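Chains as they are written, first to last, in the working numbering: chain E, 292 to 422; chain V, 292 to 422; chain D, 292 to 422; chain P, 292 to 422; chain F, 292 to 422; chain X, 292 to 422.
There are 6 protein chains.
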Amino acid sequence: MSAPREPIEYAQASPEVRAVYDDIMATRGADWVNNFWKVLAHDPPTLRRIWANIKAVMGPGALDPLTKELLYTAVSASNGCHYCIASHSAAARAKGMSEAQYWELLAIVGLANETNRLVTALGVPVDERFQ
Amino acid sequence: MSAPREPIEYAQASPEVRAVYDDIMATRGADWVNNFWKVLAHDPPTLRRIWANIKAVMGPGALDPLTKELLYTAVSASNGCHYCIASHSAAARAKGMSEAQYWELLAIVGLANETNRLVTALGVPVDERFQ
Amino acid sequence: MSAPREPIEYAQASPEVRAVYDDIMATRGADWVNNFWKVLAHDPPTLRRIWANIKAVMGPGALDPLTKELLYTAVSASNGCHYCIASHSAAARAKGMSEAQYWELLAIVGLANETNRLVTALGVPVDERFQ
Amino acid sequence: MSAPREPIEYAQASPEVRAVYDDIMATRGADWVNNFWKVLAHDPPTLRRIWANIKAVMGPGALDPLTKELLYTAVSASNGCHYCIASHSAAARAKGMSEAQYWELLAIVGLANETNRLVTALGVPVDERFQ
Amino acid sequence: MSAPREPIEYAQASPEVRAVYDDIMATRGADWVNNFWKVLAHDPPTLRRIWANIKAVMGPGALDPLTKELLYTAVSASNGCHYCIASHSAAARAKGMSEAQYWELLAIVGLANETNRLVTALGVPVDERFQ
Amino acid sequence: MSAPREPIEYAQASPEVRAVYDDIMATRGADWVNNFWKVLAHDPPTLRRIWANIKAVMGPGALDPLTKELLYTAVSASNGCHYCIASHSAAARAKGMSEAQYWELLAIVGLANETNRLVTALGVPVDERFQ
């Protein structure tokens, strides 16, 4: 019972789950749904809620779509979430991220984690100009 | 002795520290140096090494300068490093980040931290298409 | 030598290790011991110390046993420790956690990680009423 | 501009922000709104979205209200978010958490963080019975 | 009620709390007790349990006392716990840590956090020789 | 494309990558290079930069080589980076770390993670003597 949940395929999904799958595919212009949603489908209220959030946050806004995926990938890489790195770096590549840009992203994630620790351990005071 | 280190101002700095401060200002086209460097100045080898890394990673490359600062800010926000958020969001604003873009960045950082936990706890299997 | 340690089964265990295994089984009313203890058994002082802590903290107290396991599972899910999620969610189910309760727990873990980042990044001041 | 955002009081709030404040107070049966919401109010879409999530996740469900606040507090304590610990432990106390229960919660948070690291570092294999 | 707990001084402490304070001072050859213990004193079972653990883990063993304090300081610096960095770096200094050693420790903490992210994001396979 | 990168063996490596591999082997007195470097080799600038940092930070200095590897292993264990624990604990063993010392290191890592949370959640004030 504590094992990883099996993804629920479209064919086995309830109408309310299919409605979310349909909206995901329509929003993305895709003909498939990735496993994250198929696992969340075990709890339809969570599926609906998280999709509504992703749709709102990752949809059209002040930042361009590629930048949004880069930010999502960077936080996921910093947190060490393999699935999230795989899915969001794939989305970033589909939106134009080059191999060189991915390596720069990883370099920034690594360096930020290094300097974050130095800053915190040393108690660096915030400069007046930053306030 | 364990208290936060005092920033070392240019006037009090040794020649080798001043050389790094000068390079920071020249690279940035700025007439001042922020406290992070003035605290690292207590250990010149660390000051030189970290600056060389920041200069290489944050300098011209495949990602544009604003995107780089957004990524640095996002990782710092995810890690909860106040000074790093203040300094890199200031740099991002100087490079053009709008208030609306900053709120979107924070929304992505928050959402990624939420879904990263759901994915990991549920053991979502990586889709074949992502491999 | 750096590979994951093999679990030490009861049959191969030393008397001092068996004494801890016996106490674990007696305390839990179980006829088996899970791998965490069988791996800690490579270092008997650590085995004894950690068991003494778990027994004290997770034993009868002000919180009921199910709530304690829910809290342990939530922190483990937040930290991304697969084994800990598996073992403590199994213990929580054995104490009555339903599938619906588990999904709510995960929703809270995810949401707390999201709002924690927003709060920290925005530097929200603590309300006087909370002090 | 990078400084912590000032809370926006009801008197200064726009109608759309007031609508959220009103819903928060009505839902909680309270006559005030805490700073988290007053800071999010700088970005109304984020304010509305996060409140919709909190309302859905922390509202009536399979877990009782006190257990939900305990879980939120535990994750916040594990993440080291001061404001979140203050606000959610206050909510938990209002729902009945005793001082003894709070100390047990903290003990579990601490112990889970200890054993999570031991489990991960030792690569403990998941028991068949947990799968 | 959610505010930070006031340290309990020796003069106000109960006999059972004083017994722990006495053991801390005797074990350390010190004439004072630091705030961590004075705050834990609000919950005597936690005070006794944590002190028993610290005494066992940080007492004489296979690693020398200075190395132990360096390790404690490094983990605390990596986690961003200000009080823990202050108290354990003070203990390390009292046991002989030099300023140069402290800077090297911080450099290792920073670098490990950087490479940990690169390794995890890139999914580096463990070399056979390490197994 | 998002799959883990394949290690690049010496035979397939470009001259600039071989130059780094050669320097790693010469510095370590080893006749092989571990997978971390073979994966970073996909981006030669990152390979060179990270090696330069490791060489500077982990080379001769104020802390002895074994202590440095213990610190690197401890931070990696705290962060849950499997590859990093495997590689740096192997390096620590090669420099003399005993099995008993490794268990003490893990005990300190676990305990520091426990007390770090208690300290942060309780808001323990820094003692004057530590400042």
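The C-beta atom is built at its ideal place from N, Cα and C for all residues, glycine as well.
All of these numbers come straight from a predicted model, not from anything done at the bench.
Does the beta-carbon of residue i have 16 or more other beta-carbons within 10 angstroms, so that it is buried, or is it exposed?
| i | result |
| --- | --- |
| residue 419 of chain P | exposed |
| residue 298 of chain P | buried |
| residue 302 of chain P | exposed |
| residue 392 of chain E | buried |
| residue 321 of chain P | exposed |
| residue 304 of chain X | buried |
| residue 411 of chain X | buried |
Check the C-beta distance from residue i over to residue j and give it rounded, since I have them as a contact under 8 angstroms.
| i | j | result |
| --- | --- | --- |
| residue 267 of chain D | residue 342 of chain D | Lying before the first or after the last residue shown, residue 267 of chain D is absent from chain D, which here runs from 292 to 422. |
| residue 318 of chain X | residue 359 of chain X | Contact flag wrong, Cβ pair sits at about 14 angstroms. |
| residue 383 of chain E | residue 357 of chain E | 6 angstroms |
Please decide whether residue i counts as near chain V, where near means a Cβ-Cβ distance under 8 angstroms.
| i | result |
| --- | --- |
| residue 417 of chain D | no |
| residue 338 of chain E | no |
| residue 383 of chain D | no |
For chain A, is any of its Cβ atoms less than 8 angstroms away from the one on residue i?
| i | result |
| --- | --- |
| residue 391 of chain F | Within the model displayed, chain A is absent; protein chains E, V, D, P, F and X are what it includes. |
Under 8 angstroms between C-beta atoms, does residue i make it to chain F?
| i | result |
| --- | --- |
| residue 296 of chain D | no |
| residue 398 of chain P | yes |
| residue 344 of chain D | yes |
| residue 403 of chain D | no |
| residue 314 of chain V | no |
| residue 334 of chain V | yes |
Going by C-alpha to C-alpha distance, which of the options sits closest to residue i?
| i | options | result |
| --- | --- | --- |
| residue 337 of chain F | P:378, P:314, P:395, P:415 | P:395 |
| residue 416 of chain V | E:417, E:376, E:388, E:320 | E:376 |
| residue 354 of chain F | X:325, X:351, X:300, X:361 | X:361 |
| residue 330 of chain E | E:382, E:413, E:296, E:385 | E:296 |
| residue 390 of chain E | X:305, X:313, X:306, X:335 | X:335 |
| residue 378 of chain V | V:315, V:304, V:305, V:326 | V:326 |
| residue 270 of chain F | X:397, X:387, X:309, X:374 | With chain F represented from 292 up to 422, any question about residue 270 of chain F goes unanswered, as that position is not in the structure. |
| residue 372 of chain F | E:312, E:348, E:413, E:306 | E:413 |
| residue 311 of chain X | X:385, X:339, X:344 | X:339 |
| residue 332 of chain D | D:350, D:352, D:309 | D:309 |
| residue 260 of chain D | P:349, P:397, P:306, P:388 | An answer regarding residue 260 of chain D cannot be provided, because it is not within the stretch 292 to 422 covered by chain D. |
Counting contacts by CB-CB distance shorter than 8 angstroms, is residue i in contact with chain E?
| i | result |
| --- | --- |
| residue 410 of chain V | yes |
| residue 330 of chain V | yes |
| residue 311 of chain V | no |
| residue 318 of chain V | no |
| residue 369 of chain F | yes |
| residue 386 of chain V | no |
Kindly say whether residue i, judged by its beta-carbon, lies nearer than 8 angstroms to any beta-carbon of chain X.
| i | result |
| --- | --- |
| residue 347 of chain V | yes |
| residue 341 of chain F | yes |
| residue 373 of chain P | yes |
| residue 358 of chain P | no |
Is the Cβ of residue i closer than 8 angstroms to any Cβ of chain D?
| i | result |
| --- | --- |
| residue 351 of chain F | no |
| residue 394 of chain X | yes |
Any beta-carbon of chain P closer than 8 angstroms to the one on residue i?
| i | result |
| --- | --- |
| residue 299 of chain D | no |
| residue 321 of chain V | no |
| residue 305 of chain D | no |
Tell me whether the segment 383 to 403 of chain V and the segment 400 to 416 of chain D touch, counting them as touching only if at least three CB pairs, one residue from each stretch, are closer than 8 angstroms.
yes
Using a Cβ distance threshold of 8 angstroms, determine whether the segment 363 to 373 of chain D contacts the segment 363 to 380 of chain P, with at least three qualifying pairs required.
yes
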